[in-house]
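Residue numbers (UniProt numbering), protein chains in the order written: chain D, 1 to 309; chain P, 1 to 309. Just so it is clear, CB atoms sit at the ideal spot from N, CA and C, and this is done for glycine as well. First the structure, in the form of structure tokens, and then the observations on it.
Laid out in structure tokens, this is it:
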């Protein structure tokens, strides 16, 4: 299968080398010039617990894409998804399958706007990875993917995507309710990303404080209300059980969530696609979500104070 | 008039030297050992724009108070008020006037519990001061006081307190509605103290960001609802006008509010007597105040993360 990864950050790069290793033709599409150049000149440097290795993978800037792909895996940050789609729209056809694995709410709606005749798949993944620098990632641990056709053109293509991902040992399966999984993950991230970024702490520090569960519930209860209005069977227990699990110092206790890293590195956060997405839906549905409203405003305020544009 | 200042931090010390300068007998009552010793041994060092001077003032620890006073000005932090009152309760009589100038909501109720036969006055002041170290303050700028009898024993005492304060050039006047002023100041502080402490910024940085007025309104509207239920004629405009004024970089723009300093110096904040007081009242009155609720929990969480007890 001729595959492109649109948004070759840490996660996109990880998927890229695993698919390359499985014998597939992979192209990275990414707007970071230095990253693209380094990969083309020296290959992608992948560190694992077993050592390090270089992968020869071709990379292009989004405004340089020319050829078409059978599968385009979208792995941009949520706020870069629309920009990416605009730039690659010219190569999308009825023979293209788009699989979005970006975090956050609202990605499917964005893709539907730009997909034209292409098939659409959406998924969530528990794989993780770190970008060490241009052309250089550190890939440890394991994960899985669940995905589901949102607009299927051909059931055979769905099966082919599943097989391709599993040839690359990405532990994929077809989900029956990917929207629920996307909401679960978004609610989880809207608790841990947002509080850890705002309070400048790691997951364990947040979790070991007295207000942690009350603060978590305040976010999650509003997610549940909005999900319910949208016919998504999210429950607070589903989210809070996973939140509580990572509070354990032996689990992800010393982990600083990505939004904390964004603030530390003065990058714009994904708040509008997490807590902020629920705020917008709340306004449209006339359901008050004051907690997520305030947290979204506080995070934007933090970005403003740090002059993050 | 024989005067004690209970809680001789920055503000208490400033009042102390100004009253001493006006010829009154002043005693500091304060639990900070080093501060008390320094003042007794070397006097209170006061820096002003005109230079520095030492004032001979006697100071005692709260558990060492023996003699009685005609006027005790209470200037502790709100959370230390009850502890102070317990320790000085033995010297309170019907000949004592208590004047509380501590910031925050709930102070009058606390004093009423411990005052016994003593007269009670409550006030607010716009004087400010900085504590540079034990026995050492920096006093710049000007201010005023408004105060009002809450439990008056003798109108002549009220007049005497007014005169004493004005002999010390403290610009005092009798208020007709000190509760409104206390609420105005508490709402103002619940905006600026809380947001600047949470977002780690000064007043100007907070004020110049896009969400500043929306975030301010969210706090103030809830204060107004609770005040209304308590028969206090607070309006949002009253508070927001003063908030907006200090956003001006030429006003207090570069000022870090006291709660920001508390967090920076790992001291417990006054949150429970600002936003948190409104949360408690909201619970009692069954009026939801989600914004102040979340801000109070976030500040407690911040204290927990920094291991502030």
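**Request:** Put residue 246 (chain P) into one of helix, strand or coil per three-state DSSP.
**Result:** Within the second chain, numbered from 1, the residue matching residue 246 (chain P) stands at position 246. Three-state result, residue 246 (chain P): helix.
**Message:** Run through the DSSP bridge pairs and tell me what residue 131 (chain P) is partnered with.
**Reply:** Looking up residue 131 (chain P) in the second chain gives position 131. For residue 131 (chain P), which the question treats as bridged, DSSP gives the partners P:137.
**Request:** For residue 140 (chain D), count neighbouring Cβ atoms within 10 angstroms of its own Cβ and tell me buried if that reaches 16, exposed if not.
**Result:** Taking the first residue of the first chain as position 1, residue 140 (chain D) is located at position 140. Classification of residue 140 (chain D): exposed, given that the 10 Å Cβ count is below 16.
**Asked** Can you round the beta-carbon distance between residue 278 (chain P) and residue 223 (chain P) to whole angstroms, since I take them to be within the 8 angstroms contact cut?
**Response** Against the second chain, residue 278 (chain P) aligns to sequence position 278. Against the second chain, residue 223 (chain P) aligns to sequence position 223. Contact holds; Cβ gap of about 6 angstroms.
**Request:** Could you tell me whether the Cβ of residue 136 (chain P) comes closer than 8 angstroms to any Cβ of chain D?
**Result:** Your numbering for residue 136 (chain P) matches position 136 in the second chain. Chain D contact via Cβ: absent.
**Asked** Among the residues of its own chain, which have a CB less than 6 angstroms from the CB of residue 9 (chain D), if the five just before and after it don't count?
**Response** Counting from one through the first chain, the residue named residue 9 (chain D) turns up at place 9. Same-chain partners within the cutoff: 131.
**Message:** Restricting to Cα atoms, I'd like to know which of P:81, P:105, P:76 and P:119 is closest to residue 313 (chain P).
**Reply:** The question about residue 313 (chain P) has no answer here: the residues shown for chain P are numbered 1 through 309.
**is_contact[residue 103 (chain D), chain P] using C-beta, thresh 8 angstroms** = Looking up residue 103 (chain D) in the first chain gives position 103. Taking Cβ atoms only, chain P never reaches closer than 8 angstroms to residue 103 (chain D), which makes this a no.
**Request:** Could you say which of P:166, P:135, P:159 and P:298 lies nearest to residue 19 (chain P) if we only look at CA atoms?
**Result:** Residue numbering aside, residue 19 (chain P) sits at position 19 when the second chain is read from its first letter. With distances taken between Cα atoms, residue 19 (chain P) lies closest to P:166.
**Prompt:** Which residues share a DSSP beta bridge with residue 121 (chain D)?
**Reply:** Mapped onto the first chain, residue 121 (chain D) falls at position 121. The partner list for residue 121 (chain D) (beta bridge, DSSP) reads D:99 and D:149.
**Asked** Can you name the residues that DSSP bridges to residue 312 (chain P)?
**Response** Not covered by the structure: residue 312 (chain P). The range shown for chain P is 1 to 309.
**Request:** State yes or no: is the beta carbon of residue 144 (chain P) nearer than 8 angstroms to at least one beta carbon in chain D?
**Result:** Reading the second chain from its first residue, position 144 is the one you call residue 144 (chain P). No - not a single Cβ of chain D is within 8 angstroms of the one on residue 144 (chain P).
**Asked** When we look at the beta-carbon of residue 181 (chain D) and count the other beta-carbons within 10 Å, is it buried (16 or more) or exposed?
**Response** Residue numbering aside, residue 181 (chain D) sits at position 181 when the first chain is read from its first letter. Buried, by the Cβ-count rule.
**Message:** Counting only beta-carbon separations shorter than 8 angstroms, does residue 214 (chain P) have a partner in chain D?
**Reply:** Residue numbering aside, residue 214 (chain P) sits at position 214 when the second chain is read from its first letter. Yes, residue 214 (chain P) counts as interfacial toward chain D.
**Asked** At a Cβ threshold of 8 angstroms, is residue 129 (chain P) touching chain D?
**Response** Locating residue 129 (chain P) in the second chain gives position 129, where the first residue counts as 1. No, residue 129 (chain P) lies away from the interface with chain D (no Cβ there is under 8 angstroms from its Cβ).
**Asked** Is it true that the region 257 to 267 of chain P meets the region 212 to 221 of chain P, where meeting means three or more beta-carbon pairs spaced less than 8 angstroms apart?
**Response** no
**Prompt:** Who are the neighbours of residue 261 (chain P) on chain D, taking C-beta pairs under 8 angstroms?
**Reply:** Mapped onto the second chain, residue 261 (chain P) falls at position 261. In chain order: nothing, as chain D lies at least about 17 angstroms away.
**Request:** Provide the residue(s) that pair with residue 46 (chain P) in DSSP beta bridges, ordered along the chain.
**Result:** To locate residue 46 (chain P), count along the second chain from 1; it is residue 46. BP columns for residue 46 (chain P) point to P:53 and P:137.
**Request:** Would you check if the region 285 to 302 of chain D and the region 23 to 41 of chain P touch, i.e. whether three or more CB-CB distances between them fall below 8 angstroms?
**Result:** no
**Asked** Closer than 8 angstroms, Cβ to any Cβ of chain P: which residues of the region 295 to 309 of chain D, in chain order?
**Response** 295, 297, 298, 300, 301, 302, 304 and 305
**Request:** Please name the residue in P:191, P:186 and P:70 whose C-alpha comes closest to that of residue 107 (chain P).
**Result:** Along the second chain, one-based indexing puts residue 107 (chain P) at 107. Comparing Cα positions, the closest option is P:186.
**Message:** Could you check whether residue 102 (chain D) and residue 126 (chain D) sit closer than 8 angstroms to each other, using their CB atoms as the reference points?
**Reply:** In the first chain, the residue the question calls residue 126 (chain D) occupies position 126. In the first chain, the residue the question calls residue 102 (chain D) occupies position 102. Not closer than 8 angstroms, so no.
**Item:** Proximal residues of chain P, C-beta to C-beta of residue 166 (chain D) below 8 angstroms
**Value:** For the purposes of this step, residue 166 (chain D) is taken as the residue at position 166 of the first chain. Ordered by position in chain P, no residue passes the 8 angstroms Cβ test against residue 166 (chain D), which lies about 42 angstroms from the chain.
**Message:** So the candidates are P:64, P:62 and P:100; which of them puts its Cα closest to the Cα of residue 75 (chain P)?
**Reply:** Here residue 75 (chain P) corresponds to residue number 75 of the second chain, with the count starting at 1. Measuring from the Cα of residue 75 (chain P), the nearest candidate turns out to be P:100.
**Request:** List the residues of chain D that residue 290 (chain P) touches, going by C-beta distances under 7 angstroms, in chain order.
**Result:** In the second chain, the residue the question calls residue 290 (chain P) occupies position 290. In chain order: 290 and 291.
**Prompt:** Per DSSP, what kind of secondary structure is residue 305 (chain D) in: helix, strand or coil?
**Reply:** Here residue 305 (chain D) refers to the residue found at position 305 when the first chain is read from its first residue. It is helical.
**As assigned by DSSP and simplified to three states, the class of residue 6 (chain P)** = Counting from 1 along the second chain, the entry for residue 6 (chain P) is found at position 6. It is a strand residue.
**Request:** Look up residue 173 (chain P) in the DSSP assignment and say whether it is helix, strand or coil.
**Result:** As a working mapping, residue 173 (chain P) is identified with position 173 in the second chain. The answer is strand: DSSP assigns residue 173 (chain P) an E or B state.
**Message:** Between which residues of its own chain and residue 226 (chain P) is the CB-CB distance below 8 angstroms, once the five residues before and five after are set aside?
**Reply:** Sequence index remark: in the second chain, residue 226 (chain P) carries index 226 (1-based). So the qualifying residues of the chain are 278, 281, 282, 285, 287 and 289.
**Request:** Return yes when the Cβ of residue 97 (chain D) is within less than 8 angstroms of the Cβ of residue 46 (chain D), no when it is not.
**Result:** For the purposes of this step, residue 46 (chain D) is identified with residue 46 of the first chain, where counting begins at 1. For the purposes of this step, residue 97 (chain D) is identified with residue 97 of the first chain, where counting begins at 1. No, the Cβ-Cβ distance between residue 46 (chain D) and residue 97 (chain D) is not below 8 angstroms.
**Message:** With a threshold of 8 angstroms between beta carbons, is residue 210 (chain D) in contact with chain P?
**Reply:** Position 210 of the first chain holds residue 210 (chain D). Closer than 8 angstroms: yes.
**Asked** Is it right to say residue 258 (chain D) is buried, meaning 16 or more other beta carbons lie within 10 angstroms of its own, or is it exposed?
**Response** Walking along the first chain from the start, residue 258 (chain D) turns up at place 258. Residue 258 (chain D) should be labelled buried.
**Prompt:** Can you tell me whether DSSP reads residue 74 (chain P) as helix, strand or coil?
**Reply:** Taking the first residue of the second chain as position 1, residue 74 (chain P) is located at position 74. Correct three-state label for residue 74 (chain P): strand.
**Request:** Can you have a look at residue 190 (chain P) and say buried or exposed, based on whether 16 or more other CB atoms are within 10 angstroms of its CB?
**Result:** Here residue 190 (chain P) corresponds to residue number 190 of the second chain, with the count starting at 1. The residue is buried, with at least 16 neighbouring Cβ atoms inside 10 Å.
**Item:** Cβ-Cβ distance between residue 195 (chain D) and residue 188 (chain D) below 8 angstroms
**Value:** The residue labelled residue 195 (chain D) in the question sits at position 195 within the first chain. The residue labelled residue 188 (chain D) in the question sits at position 188 within the first chain. No, the Cβ-Cβ distance between residue 195 (chain D) and residue 188 (chain D) is not below 8 angstroms.
**Asked** Since residue 205 (chain D) meets chain P, which of its residues come closer than 7 angstroms, beta carbon to beta carbon?
**Response** For the purposes of this step, residue 205 (chain D) is identified with residue 205 of the first chain, where counting begins at 1. Within chain P, the residues near residue 205 (chain D) are 305.
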